[in-house]
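Chains as they are written, first to last, in our numbering: chain W, 52 to 392; chain A, 52 to 392; chain F, 52 to 392. Before any comments, here is the structure.
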Amino acid sequence: MADYTLGKLAEMVGGQVSGDPALTIKGVATLSTAEGEQIGFLANPAYRKQLASTRAGAVIIRPEEQEHCSTNALLVADPYAAYARIAALFQKEPGGEQGIHPAAWVSGEAEIHESAWIGPNCSIEAGVRIEAGCHIGPGCFIGSGSLVGEGTRLAGNVSVCHGVRIGAHCILHPGVVIGSDGFGFAREQQGWLKIPQMGGVVIGDHVEIGANTTIDRGALEDTVIGNGVKLDNQIQIAHNVHIGEHTAIAGCAGISGSTRIGKRCAIAGGVGIAGHLEIADDVTITAMSLVTRSITSPGVYSSGIPAQENGIWNRQVAHLRRLERLVQRVGKLESNNRQKE
Amino acid sequence: MADYTLGKLAEMVGGQVSGDPALTIKGVATLSTAEGEQIGFLANPAYRKQLASTRAGAVIIRPEEQEHCSTNALLVADPYAAYARIAALFQKEPGGEQGIHPAAWVSGEAEIHESAWIGPNCSIEAGVRIEAGCHIGPGCFIGSGSLVGEGTRLAGNVSVCHGVRIGAHCILHPGVVIGSDGFGFAREQQGWLKIPQMGGVVIGDHVEIGANTTIDRGALEDTVIGNGVKLDNQIQIAHNVHIGEHTAIAGCAGISGSTRIGKRCAIAGGVGIAGHLEIADDVTITAMSLVTRSITSPGVYSSGIPAQENGIWNRQVAHLRRLERLVQRVGKLESNNRQKE
Amino acid sequence: MADYTLGKLAEMVGGQVSGDPALTIKGVATLSTAEGEQIGFLANPAYRKQLASTRAGAVIIRPEEQEHCSTNALLVADPYAAYARIAALFQKEPGGEQGIHPAAWVSGEAEIHESAWIGPNCSIEAGVRIEAGCHIGPGCFIGSGSLVGEGTRLAGNVSVCHGVRIGAHCILHPGVVIGSDGFGFAREQQGWLKIPQMGGVVIGDHVEIGANTTIDRGALEDTVIGNGVKLDNQIQIAHNVHIGEHTAIAGCAGISGSTRIGKRCAIAGGVGIAGHLEIADDVTITAMSLVTRSITSPGVYSSGIPAQENGIWNRQVAHLRRLERLVQRVGKLESNNRQKE
Chain W
52 MADYTLGKLA
62 EMVGGQVSGD
72 PALTIKGVAT
82 LSTAEGEQIG
92 FLANPAYRKQ
102 LASTRAGAVI
112 IRPEEQEHCS
122 TNALLVADPY
132 AAYARIAALF
142 QKEPGGEQGI
152 HPAAWVSGEA
162 EIHESAWIGP
172 NCSIEAGVRI
182 EAGCHIGPGC
192 FIGSGSLVGE
202 GTRLAGNVSV
212 CHGVRIGAHC
222 ILHPGVVIGS
232 DGFGFAREQQ
242 GWLKIPQMGG
252 VVIGDHVEIG
262 ANTTIDRGAL
272 EDTVIGNGVK
282 LDNQIQIAHN
292 VHIGEHTAIA
302 GCAGISGSTR
312 IGKRCAIAGG
322 VGIAGHLEIA
332 DDVTITAMSL
342 VTRSITSPGV
352 YSSGIPAQEN
362 GIWNRQVAHL
372 RRLERLVQRV
382 GKLESNNRQK
392 E
Chain A
52 MADYTLGKLA
62 EMVGGQVSGD
72 PALTIKGVAT
82 LSTAEGEQIG
92 FLANPAYRKQ
102 LASTRAGAVI
112 IRPEEQEHCS
122 TNALLVADPY
132 AAYARIAALF
142 QKEPGGEQGI
152 HPAAWVSGEA
162 EIHESAWIGP
172 NCSIEAGVRI
182 EAGCHIGPGC
192 FIGSGSLVGE
202 GTRLAGNVSV
212 CHGVRIGAHC
222 ILHPGVVIGS
232 DGFGFAREQQ
242 GWLKIPQMGG
252 VVIGDHVEIG
262 ANTTIDRGAL
272 EDTVIGNGVK
282 LDNQIQIAHN
292 VHIGEHTAIA
302 GCAGISGSTR
312 IGKRCAIAGG
322 VGIAGHLEIA
332 DDVTITAMSL
342 VTRSITSPGV
352 YSSGIPAQEN
362 GIWNRQVAHL
372 RRLERLVQRV
382 GKLESNNRQK
392 E
Chain F
52 MADYTLGKLA
62 EMVGGQVSGD
72 PALTIKGVAT
82 LSTAEGEQIG
92 FLANPAYRKQ
102 LASTRAGAVI
112 IRPEEQEHCS
122 TNALLVADPY
132 AAYARIAALF
142 QKEPGGEQGI
152 HPAAWVSGEA
162 EIHESAWIGP
172 NCSIEAGVRI
182 EAGCHIGPGC
192 FIGSGSLVGE
202 GTRLAGNVSV
212 CHGVRIGAHC
222 ILHPGVVIGS
232 DGFGFAREQQ
242 GWLKIPQMGG
252 VVIGDHVEIG
262 ANTTIDRGAL
272 EDTVIGNGVK
282 LDNQIQIAHN
292 VHIGEHTAIA
302 GCAGISGSTR
312 IGKRCAIAGG
322 VGIAGHLEIA
332 DDVTITAMSL
342 VTRSITSPGV
352 YSSGIPAQEN
362 GIWNRQVAHL
372 RRLERLVQRV
382 GKLESNNRQK
392 E
């Protein structure tokens with residue numbers, strides 16, 4: 052990590068400098084906290100008034116915001132993306148180790164690339180292959196025959212069961228579980244008979260999986276997560292689900308078995324999607340909605356109800372319960388009206 | 052694992068062969084992917100048309116589907132259950148180890164059956180008893196005085212706190228937590244006072260618990276999970292809950308403290324059940340419903356709302372908010388009508 | 052742990068004895084299960100009838116319940132709080148070890164207080180500081196530069212990423228993840244660009260965090276959990292969230308990024324709160340509500356719908372879908388009425 056001049060940063064992100072290109076930038080910060088050698092950014096116009104008062108040495112803005120800006124500026128079409136690239140330059144993340152920690156256990160039949168890192172208290176079973184540049188943090192276990200692709204990072208205490216394939220340049224946060232058995236049972240007179248879960252999980256490249264998210268293995272075929280998919284924390288992905296490329300899913304959502312979600316979808320927090328459905332590409336589903344039917348067209352779909360003051364809400368629920376009665380009353384009024392006509 | 056003839060499989064599941072009983076079966080597959088030495092199955096009539104085109108060597112079907120079938124058939128009343136039994140014959144699951152892995156830590160005061168397996172990086176505290184044939188996968192910790200019954204499998208990174216009793220032939224998937232403190236606090240002027248959680252957790256036989264599901268210990272008495280209960284991933288079971296035998300709960304459901312759920316219930320994904328309730332036997336609750344009162348009769352209960360196109364939904368919510376006004380308008384119309392009569 | 056006389060207990064909790072102050076008390080129990088040397092309590096008047104039949108040696112009750120009581124009593128204004136204090140005297144919890152377990156891995160650059168305990172299979176990275184009296188249970192990992200304050204307990208298999216500060220006297224239950232990356236991405240033509248998550252997490256004193264709850268690190272500034280906050284299991288706290296002192300949140304709730312929650316709030320199970328909102332102090336939100344706007348006044352807020360018999364519910368949903376049509380029908384009736392007047 053080094054310092055950068057504003058001019059150099061502009062060159063790296065394809066922007067223009069307004070002000071002093073020789074200004075030294077040593078870090079990123081918010082508009083409200085930045086100091087003279089830091090660069091801030093304005094992506095959301097709601098914060099525009101901070102442009103006038105910021106003490107940042109420079110700001111990343113759209114060209115049309117320049118009139119509101121009192122300091123040096125880096126002008127780009129997409130300030131948030133430019134900020135992301137610049138922030139990455141200044142990020143001090145742990146990592147970079149190579150080799151196998153003496154407190155890890157690695158099967159003699161596992162294949163670990165010499166540039167990969169296996170942290171303390173990891174358990175790597177037979178037939179596992181860990182590719183170049185992987186970082187396997189403390190306490191992870193990787194089950195027999197699984198593959199972790201080049202440059203992928205498992206943060207710590209991640210569980211990867213047997214027969215899972217994870218692509219390159221993925222990030223799996225702590226507590227993630229990949230390849231647990233799907234929830235499959237046949238009902239019998241005396242309880243439930245387990246359906247063996249014999250498929251695997253295939254995860255593409257550049258996938259990020261949030262803390263404590265779970266992805267079950269398929270029953271007979273694989274559960275499939277496409278390239279570039281971004282999963283937030285505490286998401287449940289059931290067996291045989293397919294998620295299309297670049298779809299993003301927010302925290303606490305649950306996708307039931309065998310459902311196929313298209314590409315570039317945006318699924319908000321707490322959404323539940325029933326099993327055996329097809330969701331088209333470019334579908335947005337808003338928070339805490341329940342999807343019970345396939346969605347065949349791009350668009351925005353919802354069934355979440357915003358909270359209100361409890362007394363008001365309780366009356367609405369009471370009216371909802373009497374809605375059938377209200378319909379009947381209106382029908383009677385209409386019938387009366389017709390008789391009088 | 053060996054190969055089986057179709058005739059042998061029919062004998063094992065109590066079915067009839069239509070076609071060649073000497074056919075060798077080497078595995079299971081879906082109707083659409085099966086090859087000549089694999090057996091497929093038809094449980095859901097929606098997939099019936101695949102019967103005509105499947106390349107499977109044989110199929111498991113109900114006798115009445117035989118007319119649609121172009122290949123060898125194994126005829127049974129319940130094809131899904133027969134498939135489950137046959138698939139289990141062909142399942143290649145890791146396991147079968149015995150003993151204590153050198154990278155595990157086991158207290159000298161723990162009792163581990165010689166046929167059990169304790170994987171690497173496990174921590175087994177004093178007073179723990181692990182019975183015959185158990186498989187404790189990598190990274191599990193089992194707190195002092197807890198019991199794991201015969202043949203039970205903890206997949207890896209499972210946390211069992213102190214004083215927990217797990218029955219025989221259970222499966223606990225990665226990230227499961229059993230016996231964490233229940234959420235109990237007395238409100239005081241200055242914040243909250245912790246109520247000691249001094250009960251345990253008792254889990255019956257043949258229970259399966261999905262990845263990252265959590266079951267809290269009781270406050271004074273035990274949290275109890277009955278025999279044959281099947282819990283999916285990311286379920287939260289609060290302190291003092293009782294779940295009756297053979298009840299199945301799908302992912303992301305939450306059961307609040309001291310609620311008692313009956314036998315053979317089916318609780319769908321994302322359901323929330325309030326505390327101190329009683330749910331009768333044989334109750335089904337559909338996805339994302341909120342249960343706020345006891346349910347005294349078997350049947351199906353719901354409050355989940357299916358998602359719709361967002362613009363339509365927003366108008367419905369707006370109308371719902373004005374429902375009281377609509378009721379008043381209808382009341383006025385009725386009053387006017389009566390005055391005119 | 053010792054026995055106590057009833058008189059001694061009364062003195063400790065500031066109550067009065069009715070009956071024999073020399074009675075020996077050896078434990079706590081519920082009214083329905085207590086035996087002669089145990090003390091029970093009545094906090095919820097719904098269980099008052101158990102006062103007459105209890106076999107408890109003594110009971111903790113409000114003075115006004117004394118007339119219903121047939122045994123020795125400890126009279127206090129708040130029986131539940133008094134019970135909490137007394138139960139803590141009798142709690143047999145594992146713990147009390149000091150030092151570093153030989154099966155733990157601790158970086159030479161970590162600072163572990165001599166009175167702290169680091170359990171087996173823990174991984175403690177460089178720059179970590181563990182203060183006096185901490186208990187770090189089996190299988191925890193604590194990332195570089197993080198701090199665990201005096202007397203804090205991590206139960207086991209807890210993941211604390213780098214740069215996290217945890218206060219004193221906290222309890223983190225198994226599977227908790229602190230400091231995982233927030234869910235931040237800039238949309239680009241080809242998928243998503245990761246926003247570096249460079250903030251930390253700051254957790255106050257006396258905070259309890261339930262099993263498998265996740266708290267993400269901030270994007271640029273810190274995610275902040277105030278003193279005395281109580282979080283149940285499987286809660287998701289996104290990046291940059293602030294939670295005010297003594298707020299309690301029940302299981303499976305999710306708080307989206309940058310939202311600020313006030314002090315002393317009570318948020319029920321399964322609640323979802325959207326991002327960038329402000330929730331005032333002393334707000335209660337009932338189960339499974341969705342909060343989409345800031346809440347500026349104390350009070351109770353809701354949008355959860357109680358489940359009903361499925362056939363009835365389906366008709367209500369159908370009527371809800373036709374509500375716009377009903378509004379139009381009522382409008383037409385009103386219009387007709389006006390024309391007739």
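Virtual Cβ for every residue (Gly too), placed ideally from N, Cα, C. Just so we're clear, the structure is a prediction, and the values are computed from it rather than from any experiment.
Decide if glutamine 241 (chain F) is buried, meaning its Cβ has at least 16 other Cβ atoms within 10 Å, or exposed.
The count along the third sequence starts at 1 and reaches residue 241 (chain F) at position 190. By the neighbour-count rule (16 or more Cβ atoms within 10 Å), glutamine 241 (chain F) is not buried but exposed.
Excluding sequence positions up to five away, which residues of its chain have a Cβ less than 6 Å from the Cβ of tyrosine 134 (chain A)?
Walking along the second sequence from the start, residue 134 (chain A) turns up at place 83. Here the set comprises Phe92 and Ile111.
Evaluate alanine 154 (chain A) with the Cβ neighbour count: other Cβ atoms within 10 Å of its Cβ, from every protein chain shown; 16 or more gives buried, anything less gives exposed.
Indexing the second sequence from 1 puts residue 154 (chain A) at position 103. Taking all protein chains shown into account, alanine 154 (chain A) has 16 or more neighbouring C-beta atoms within 10 Å of its C-beta and is therefore buried.
Between which two residues does the alpha helix (DSSP H) harbouring tyrosine 98 (chain W) extend?
Translated into the one-based positions of the first sequence, residue 98 (chain W) becomes position 47. Boundaries for tyrosine 98 (chain W): no alpha helix (DSSP H) harbours it, and the DSSP string shows neither H nor E there.
Along chain F, in chain order, which residues have C-beta atoms closer than 9 Å to that of arginine 344 (chain W)?
Walking along the first sequence from the start, residue 344 (chain W) turns up at place 293. Residues of chain F passing the Cβ test: none, with the nearest at roughly 13 Å.
Output the distance between the C-alpha atoms of alanine 132 (chain A) and threonine 337 (chain F), rounded to the nearest integer angstrom.
In the second sequence, the residue the question calls residue 132 (chain A) occupies position 81. In the third sequence, the residue the question calls residue 337 (chain F) occupies position 286. Rounded to the nearest angstrom, the gap between the Cα atoms of alanine 132 (chain A) and threonine 337 (chain F) is 42 Å.
For aspartate 232 (chain F), count the other beta carbons within 10 Å of its own beta carbon; 16 or more makes it buried, fewer makes it exposed. Which is it?
Here residue 232 (chain F) is taken as the residue at index 181 of the third sequence, counted from 1. That one is buried.
Residues of its chain near serine 348 (chain W), where Cβ-Cβ distance is below 7 Å and the 5 sequence neighbours each way are ignored
By one-based count along the first sequence, residue 348 (chain W) stands at place 297. So the qualifying residues of the chain are Ala331.
Glycine 230 (chain A) versus valine 215 (chain A): straight-line alpha-carbon distance, rounded:
Locating residue 230 (chain A) in the second sequence gives position 179, where the first residue counts as 1. Locating residue 215 (chain A) in the second sequence gives position 164, where the first residue counts as 1. Rounded to the nearest whole angstrom, the CA to CA distance from glycine 230 (chain A) to valine 215 (chain A) is 6 Å.
Are the CB atoms of asparagine 278 (chain W) and glutamate 259 (chain W) within a distance shorter than 8 Å?
To locate residue 259 (chain W), count along the first sequence from 1; it is residue 208. To locate residue 278 (chain W), count along the first sequence from 1; it is residue 227. Going by C-beta atoms, glutamate 259 (chain W) is not nearer than 8 Å to asparagine 278 (chain W).
Just list the residues that DSSP pairs arginine 180 (chain W) with in beta bridges.
Residue 180 (chain W) sits at position 129 when you count from the first residue of the first sequence. Paired residue(s): W:Glu162 and W:Leu198.
Mind pulling the chain W residues with CB within less than 8 Å of leucine 223 (chain F)?
Residue mapping note: residue 223 (chain F) aligns to position 172 of the third sequence, counting from 1. Contact of leucine 223 (chain F) with chain W by beta-carbon distance below 8 Å is absent, the smallest such distance being about 13 Å.
Within 8 Å, strictly: CB atoms of histidine 290 (chain W) and threonine 274 (chain W)
As a working mapping, residue 290 (chain W) is identified with position 239 in the first sequence. As a working mapping, residue 274 (chain W) is identified with position 223 in the first sequence. Against a cut-off of 8 Å, the Cβ pair of threonine 274 (chain W) and histidine 290 (chain W) comes out as a contact.
Count the C-beta pairs between the stretch 242-249 of chain W and the stretch 241-250 of chain A that are closer than 8 Å, then say yes if the count reaches three, no if not.
Flag = no, the stretch 242-249 of chain W and the stretch 241-250 of chain A do not touch.
Since histidine 224 (chain F) and serine 195 (chain F) are thought to touch, with beta carbons under 8 Å apart, how far apart are those beta carbons, to the nearest angstrom?
Here residue 224 (chain F) corresponds to residue number 173 of the third sequence, with the count starting at 1. Here residue 195 (chain F) corresponds to residue number 144 of the third sequence, with the count starting at 1. In fact, because the Cβ distance is near 23 Å, the residues do not count as touching under 8 Å.
Strictly below 7 Å CB to CB, what residues from chain F border asparagine 208 (chain A)?
Taking the second sequence and counting its residues from 1, one reaches residue 208 (chain A) at position 157. The CB of asparagine 208 (chain A) comes closer than 7 Å to the CB of Asn208 in chain F, given here in chain order.
Cβ separation of threonine 75 (chain A) and threonine 56 (chain A), assumed to be a contact under 8 Å, to the nearest whole Å
If you number the second sequence from 1, residue 75 (chain A) lands on position 24. If you number the second sequence from 1, residue 56 (chain A) lands on position 5. Contact flag correct, Cβ pair sits at about 6 Å.
Rounded to the nearest angstrom, what separates isoleucine 276 (chain A) and isoleucine 294 (chain A) at their Cα positions?
The residue given as residue 276 (chain A) occupies position 225 in the second sequence. The residue given as residue 294 (chain A) occupies position 243 in the second sequence. Isoleucine 276 (chain A) and isoleucine 294 (chain A) have their C-alpha atoms some 5 Å from each other.
Return the residue from the list A:Ile175, A:Ile151 and A:His152 that minimises the CA-CA distance to alanine 161 (chain A).
Stepping through the second sequence from its first residue, residue 161 (chain A) is reached at position 110. Alanine 161 (chain A) has its Cα closest to that of A:Ile175, out of A:Ile175, A:Ile151 and A:His152.
Please give the ranges of any beta strand (DSSP E) in the stretch 304-338 of chain A, keeping only runs that are unbroken, at least 3 residues long and fully inside the region.
Within the stretch 304-338 of chain A, the complete beta strand (DSSP E) runs of at least 3 residues are 334-336.
Give the range of the beta strand (DSSP E) segment to which glycine 230 (chain F) is assigned.
Position 179 of the third sequence, counted from the first residue, corresponds to residue 230 (chain F). Residues 228-231.
Coil, strand or helix - lysine 281 (chain F) by DSSP
For the purposes of this step, residue 281 (chain F) is taken as the residue at position 230 of the third sequence. Looking at lysine 281 (chain F) - three-state DSSP - the assignment turns out to be strand.
Kindly indicate the opening and closing residues of the beta strand (DSSP E) around phenylalanine 92 (chain F).
Your numbering for residue 92 (chain F) matches position 41 in the third sequence. Start and end: 89-92.
Residue-chain proximity (threonine 203 (chain W), chain A), Cβ-Cβ < 8 Å
Residue 203 (chain W) sits at position 152 when you count from the first residue of the first sequence. Interface criterion not met: the Cβ of threonine 203 (chain W) is under 8 Å from no Cβ in chain A.
Consider the Cβ of aspartate 256 (chain W): report whether some Cβ of chain A lies at a distance smaller than 8 Å.
The count along the first sequence starts at 1 and reaches residue 256 (chain W) at position 205. For aspartate 256 (chain W), no Cβ of chain A is located within less than 8 Å of the residue's own Cβ.
Taking only three categories from DSSP, how would you classify glutamine 379 (chain A)?
In the second sequence, residue 379 (chain A) corresponds to position 328, counting from 1. In the three-state reduction of the DSSP assignment, glutamine 379 (chain A) falls in the helix class.
Please tell me whether threonine 122 (chain A) and alanine 107 (chain A) are closer than 8 Å, where the distance is taken between their beta carbons.
One-based indexing of the second sequence puts residue 122 (chain A) at position 71. One-based indexing of the second sequence puts residue 107 (chain A) at position 56. Alanine 107 (chain A) sits close to threonine 122 (chain A), with the two beta carbons spaced by under 8 Å.
Report the neighbours of leucine 384 (chain W) on chain A: residues whose CB is nearer than 9 Å to its CB, in chain order.
As a working mapping, residue 384 (chain W) is identified with position 333 in the first sequence. Chain A residues near leucine 384 (chain W): Val381, Leu384, Glu385 and Asn388.
When the Cα of valine 252 (chain F) is compared with those of F:Lys143, F:Asp267 and F:Gly321, which residue comes out closest?
The residue you call residue 252 (chain F) lines up with position 201 of the third sequence. For the residues F:Lys143, F:Asp267 and F:Gly321, the minimum Cα distance to valine 252 (chain F) belongs to F:Asp267.
May I ask you to list, following chain order, the residues of the stretch 55-76 of chain F that have a beta carbon less than 8 Å from some beta carbon of chain W?
Residues of the stretch 55-76 of chain F whose Cβ lies closer than 8 Å to any Cβ of chain W: none.
Compare the C-beta of cysteine 316 (chain W) against all C-beta atoms of chain A and say whether one is closer than 8 Å.
The residue given as residue 316 (chain W) occupies position 265 in the first sequence. In terms of beta-carbon proximity, cysteine 316 (chain W) stays away from the interface with chain A, with every pair separated by 8 Å or more.
Got a sec, what are the start and stop residues for the beta strand (DSSP E) valine 14 (chain A) sits in?
Because residue 14 (chain A) is not part of the residues shown, which for chain A are 52 to 392, the question remains open.
Please name the residue in W:Ser354, W:Ser345, W:Gly362 and W:Val322 whose C-alpha comes closest to that of glycine 36 (chain F).
In the structure as shown, chain F starts at 52 and stops at 392, and residue 36 (chain F) therefore has no counterpart that could be examined.
So, helix, strand or coil for valine 68 (chain W), using DSSP?
One-based indexing of the first sequence puts residue 68 (chain W) at position 17. Strand, per DSSP.
Return the Cβ separation of cysteine 303 (chain W) and glycine 321 (chain W) in integer angstroms, given the expectation that the two are a contact with Cβ distance under 8 Å.
To locate residue 303 (chain W), count along the first sequence from 1; it is residue 252. To locate residue 321 (chain W), count along the first sequence from 1; it is residue 270. Contact holds; Cβ gap of about 5 Å.
Using the Cα positions of isoleucine 169 (chain A) and cysteine 191 (chain F), report the straight-line distance between them to the nearest angstrom.
The count along the second sequence starts at 1 and reaches residue 169 (chain A) at position 118. The count along the third sequence starts at 1 and reaches residue 191 (chain F) at position 140. Going by the C-alpha atoms only, they are around 18 Å apart.
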